[in-house]
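In structure tokens form, the structure reads like this:
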């Protein structure tokens, strides 16, 4: 069966353009809709693209017309919560068009996510632990995947190039609105200032010493890993609007219900751009809740080391939650996450979590991890030549398969 693939916005790298070439080589038809100047540049060598300059409210009608007129069989996109993609997904589902959604990996760093219909809280993955126990008997036991070279520099380079090109949007795509609440150019300056400040203050060394001191003193501690305020996981799949709200909620519970000798470690997200001073917010909140001597803030630090010694992890829906389960750590989830299953994560209230600390069922976690990797993860990456090459090899068969693993075994 020949497919007619329509690509929408991808990750800021050559991955989508290379994937389109691979699909063409396999005999498939490929089209593209560009929404920004950056989209145009990253797609330029593939051709067969149209420019969409419409406002958000006009997109559903446009997509319905375009999908039908061009006999689209499959839509491919990165991130299903972008405004342009939410409208496309809605119309594609109505028309019975298959939707392939890419996202960063559920298990990192050597996996990326590919699901049909949606990812994260929109995933078709079941919430029934017994399904994972049953399916776990029929899938391989996965390790961390084949390694490949990774480069923050390449990721930053592609991101900068994309947004530099998109400076032309005000003339070429005046109706387009960036999916993040903060524009990229508003992020770069504060990020460079933050990194410079951390380097000058030797922050990595200082944070490592803080962690070593906690461990050497055998101080019981809990971990709150921060996420990005701009993350769709926060804005669309939780009841929180920002990390300040998250920290305040957790501290209010911790100071009243956690053991009196325990410390709350708040760790910043490694890709935080520094637009908001989360450390200052954390210190203010700790003072407000009279627990300044029971809160440690980390800008850096080894997550595996922390997870090896931590008493429990509280998260909204960070991928750190999956890592904490891997380390057999009791985990409390406050948002929507694919790993928030009975017998894996704590099912009671945050107030009770600090003392009850129910550990995850590791047999279930192993089944869950193996099934999720088998059903939704692609070994490869988005930002380096070796990672992209590996991802392409493993992606094309999944895109062309009549049904994926979940459709075959769960009927959705």
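Residue numbers (the numbering used here): 1 to 412. Note that beta-carbon positions come from the ideal geometry of N, C-alpha and C, so glycine has one too. All figures in this text were calculated on a predicted structure; none of them were measured in a lab.
CB contact flag (residue i, residue j, <8 Å)
i           : j           : result
residue 5   : residue 23  : yes
residue 210 : residue 296 : yes
residue 395 : residue 154 : no
residue 159 : residue 228 : no
residue 319 : residue 82  : no
residue 264 : residue 294 : yes
residue 219 : residue 247 : no
residue 121 : residue 406 : no
residue 175 : residue 275 : no
residue 303 : residue 323 : yes
residue 388 : residue 18  : yes
residue 35  : residue 84  : yes
Cβ separation of residue i and residue j, assumed to be a contact under 8 Å, to the nearest whole Å
i           : j           : result
residue 381 : residue 150 : 6 Å
residue 110 : residue 145 : 4 Å
residue 91  : residue 67  : 6 Å
residue 252 : residue 168 : That belief does not hold up - the Cβ atoms of residue 252 and residue 168 are roughly 47 Å apart, past 8 Å.
residue 28  : residue 78  : That belief does not hold up - the Cβ atoms of residue 28 and residue 78 are roughly 19 Å apart, past 8 Å.
residue 343 : residue 357 : Incorrect: roughly 15 Å between the Cβ atoms, too far for contact.
residue 237 : residue 335 : 5 Å
residue 112 : residue 102 : 6 Å
residue 20  : residue 46  : 5 Å
residue 262 : residue 222 : 6 Å
Residue i - partner residues in DSSP beta bridges
i           : result
residue 98  : 74
residue 315 : 333
residue 379 : 111
residue 104 : 112
residue 296 : 265
residue 228 : Note: residue 228 sits in no beta bridge, so no partner.
residue 33  : 50
residue 7   : 32, 76
residue 223 : 265, 313
Residues near residue i in its chain [Cβ-Cβ closer than 6 Å; skip 5 each side]
i           : result
residue 208 : none
residue 11  : 78, 382
residue 257 : 351, 354
residue 376 : 113, 115
residue 404 : 116
residue 215 : 309
residue 13  : 158, 382, 383
Own chain, CB closer than 7 Å to residue i, minus 5 neighbours either side, in chain order
i           : result
residue 141 : 370
residue 329 : 307, 310, 312, 313
residue 119 : 80, 101, 103, 113
residue 269 : 226, 227, 228
residue 333 : 315, 317, 321, 340, 345
residue 172 : 37
residue 185 : Low local confidence applies: a pLDDT of 49 at residue 185 is under 50, so the model's placement there is unreliable, and no value is given.
residue 285 : 247, 248, 251
Cβ neighbours of residue i in the same chain (closer than 8 Å, five flanking residues each side left out)
i           : result
residue 386 : 148, 149
residue 87  : 56, 59, 60, 63
residue 3   : 23, 28, 29, 73, 74, 399, 400
residue 260 : none
residue 177 : 56, 83
residue 413 : There is simply no residue 413 to check, as the chain begins at 1 and stops at 412 in what is shown.
CB contact check: residue i to chain B, cutoff 8 Å
i           : result
residue 164 : Going by chain labels, chain B is absent from the structure shown, which holds only one protein chain.
Of the residues the options, the one placed nearest residue i, counting alpha carbons only
i           : options            : result
residue 48  : 229, 365, 129, 33  : 33
residue 391 : 2, 16, 1, 7        : 16
residue 75  : 143, 378, 335, 115 : 115
residue 373 : 265, 335, 305, 135 : 135
residue 299 : 266, 389, 18       : 266
residue 409 : 137, 50, 26        : 137
residue 139 : 40, 388, 367       : 367
residue 97  : 71, 52, 213        : 71
residue 301 : 127, 202, 161      : 202
residue 224 : 204, 205, 278, 177 : 278
residue 361 : 337, 157, 132      : 132
residue 287 : 44, 18, 255        : 255
residue 126 : 152, 234, 338, 397 : 338
residue 305 : 212, 234, 285, 331 : 212
residue 161 : 93, 40, 241, 242   : 40
heavy atom of the ligand NAD below 7 Å from residue i C-beta
i           : result
residue 335 : In the structure on display, the ligand NAD does not appear, and there are no ligands present to speak of.
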